[in-house]
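Residue numbers (my numbering), protein chains in the order written: chain A, 829 to 1134; chain B, 829 to 1134. Some notes on the structure that comes next.
There are 2 protein chains.
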Amino acid sequence: MTIALEREVLPRNLSVPGLVDAVSSLSDLLVGRRAAGDRVGFVPTMGALHDGHLALISRAKSESDFVVVSVFVNPTQFNSREDFDKYPRSIEQDAQGATVAGADVVFVPPIANMYPPGGLTQVSLPDLSGVLEGSSRPGHFDGVALVVTKLFSIVGPCTAFFGEKDFQQLQIVRRLVSDLFLPVHVVGCETVREESGLAMSSRNQRLSREHLRAAPVLYRALLRARELIEGGESNFDRVEAEMTLIISSEPLADLDYARVVDCETLTRPDHLADQVRVLVAANFGGIRLIDNLGARVGGSDMKGRS
Amino acid sequence: MTIALEREVLPRNLSVPGLVDAVSSLSDLLVGRRAAGDRVGFVPTMGALHDGHLALISRAKSESDFVVVSVFVNPTQFNSREDFDKYPRSIEQDAQGATVAGADVVFVPPIANMYPPGGLTQVSLPDLSGVLEGSSRPGHFDGVALVVTKLFSIVGPCTAFFGEKDFQQLQIVRRLVSDLFLPVHVVGCETVREESGLAMSSRNQRLSREHLRAAPVLYRALLRARELIEGGESNFDRVEAEMTLIISSEPLADLDYARVVDCETLTRPDHLADQVRVLVAANFGGIRLIDNLGARVGGSDMKGRS
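If you want it as structure tokens, here you go:
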């Protein structure tokens, strides 16, 4: 999305303790911590923190000496001004929650700092970015790749924690880090769910009560797909059709895709795959939800032996 | 260019002292040097070192504690396999020359290390990459941006020294570093010339004797353009036409472009520009040469006063 980058949507209150907004302040702070021997953990977020984010921060705290949480609603990864404007924002509550969960500093850069005028550089991974979420959200992952590259440069050598809920994003970040030799160790963390099975997401708070009741159908479809695959079903068309049937049986769900893919390439798995990923996306009253699960291909234990 | 990345063109002799070929070895070495307080200087090259490169290395030595010179003929920035294969290679001589000039380590990564299979990430600056050299060499600067991003990640925080001879490349690298917040300070160094005025270039060694005698026409055209601009000529079409006339009067020169541009945007300067850049490119017997000069816009000292 081309956006009026100079416009901040939020009134900014930087009197909250633990907040850092200047890029150079954060870099300087982290150079000092690393020089003192600290291992830096990093959790990039767009704010509106929920228990999924807090689990990432706790994990980062348990595996690092100094934890940075960034809160930045990145304009370049939105497909419309409206979606960007509507994205929930709660910076003071986020800062407090992040700190309780273990953040040592919360980085809240202004848009004009992250995207100063005259910026021309683009970072992209066309092969991974055009499929699944990318085909419904053109340019989304280019925005993700660009902002993640910037944030990783600013933070420097670190271990970065991402949720598996955004599985395609996680794979893109892994590939980006590997391709560009970024000094970052990427850790994918299991999706945190509501009791209903619904994957936690900042978008859930925009669901009506009835859509919230309908949305766990996604998880049920994924569980069924996993059961089929781990039970030996090797016809992935059939698995996808079964997920489609389950999700379509929910009248409030408007299915976008239900797919079985290779974990790395995000395309149809070849016959040698031991592990696959099952991904779904659907709209509930105009709110787009995504979810996914890993599945071990049935009988894969036997493979090397035959 | 899509290239058979697994194929090394050179027989590799890594018994030369001071050479490092593994990415991780270089990174580890530099982490140690920085921890010991050293400022790292970096001179990325494609080898075939001439006095221009050696001046960059000396400059790096004078401004840093530990100097890395990379020698990597980057396949992704070539427009044809033939041009890539023909690019001069002299790794042992380069290593020796670089060391004498001040390199503490010469980094010679194999292609398969810099471009492991499965690489998908692209880095590009479309606005700066499509003009001038980019319009004759599609994809060239995408390859440059990608390899420079990789090399900067591997080397880490440093001061990097680039020749002004490749002015468009220098501006692209500056923009890339700024846009992505890379922890690199970029220094542009004045072009080193033969006595004839011909800018030093690894390609010069491929010129026939008569083309070598003809090539300094480029510098004469640039000098004349600078004289005109600094003398007050504000009609840049006229300046470009004069350069074209001069270069076209040399029968062995096949002109590509002669342009006056803004130093940052590389497009036609606006009326407020104090400084402009004059750039030329021409083929001499199939060998492409480029050159450029800065020029202060005549009367620009007076500007703020009127």
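Note that CB positions come from ideal geometry on N, CA and C, so glycine has one too.
Note that the C-beta distance between residue 933 of chain A and residue 919 of chain A is not below 8 Å. In this structure, residue 1108 of chain B lies away from residue 1057 of chain B, with their beta-carbon atoms at least 8 Å apart. In the three-state scheme derived from DSSP, where H, G and I count as helix and E and B as strand, residue 902 of chain A is classed as coil. Close to chain B, meaning a Cβ-Cβ distance shorter than 7 Å, are the following residues of the region 929-949 of chain A: 947, 948, 949. By the criterion of a C-beta distance shorter than 6 Å, residue 889 of chain A is surrounded in its chain by 895, 930, once the five residues flanking it on both sides are discounted. Taking the C-beta atoms as reference points, residue 871 of chain A is found no nearer than 8 Å to residue 941 of chain A. No Cβ of chain B is located within less than 8 Å of the beta carbon of residue 1057 of chain A.
According to the DSSP secondary-structure assignment, residue 1081 of chain B is paired through a beta bridge with B:1112. If you look at residue 863 of chain B, you'll find it in the alpha helix (DSSP H) that goes 851-863. For residue 954 of chain B, the uninterrupted alpha helix (DSSP H) segment begins and ends at 954-957. Secondary structure note for residue 881 of chain A: its alpha helix (DSSP H) is the uninterrupted segment 879-891. Note on geometry: alpha-carbon atoms of residue 957 of chain B and residue 1000 of chain B lie some 8 Å from one another. For the region 869-901 of chain B, no residue has a beta-carbon sitting nearer than 7 Å to a beta-carbon of chain A. Put simply, the CB of residue 969 of chain A is far from chain B, with every gap to its CB atoms at 8 Å or more. Chain order gives no chain B residues near residue 1072 of chain A, where near means a beta carbon separation below 7 Å; the closest approach is about 29 Å. In this structure, B:982 is the residue among B:879, B:964, B:982, B:1032 with its C-alpha nearest to the C-alpha of residue 849 of chain B. By the CB criterion at 8 Å, residue 1073 of chain A and residue 1044 of chain A fall outside the cutoff. C-alpha of residue 1035 of chain B to C-alpha of residue 978 of chain B: approximately 32 Å in a straight line.
Within the region 970-982 of chain A, contact with chain B at the beta-carbon level (separation under 7 Å) is assigned to 977, 978, 981, 982.
By the 16-neighbour rule on beta-carbons within 10 angstroms, residue 875 of chain B is buried.
Taking all protein chains shown into account, residue 961 of chain B has 16 or more neighbouring C-beta atoms within 10 Å of its C-beta and is therefore buried. Around the C-beta of residue 950 of chain A, 16 or more other C-beta atoms lie within 10 Å, and the residue is accordingly described as buried.
Just so you know, the alpha carbons of residue 1019 of chain B and residue 910 of chain B end up roughly 27 Å apart. Under DSSP, residue 1086 of chain B takes part in a beta bridge, and its partners are B:1108. Scanning chain A for C-beta atoms nearer than 8 Å to the C-beta of residue 954 of chain B yields 948, 950, reported in chain order. Counting only Cβ-Cβ distances below 7 Å, residue 1097 of chain B has no contacts in chain A at all, with the closest Cβ about 16 Å away. In the structure shown, residue 907 of chain B falls within a coil segment according to DSSP collapsed to helix, strand and coil. Interface annotation, residue 848 of chain A: not in contact with chain B, CB-CB separation never under 8 Å. Distances from the alpha-carbon of residue 994 of chain A to those of A:1011, A:1082, A:1030, A:1023 put A:1030 closest.
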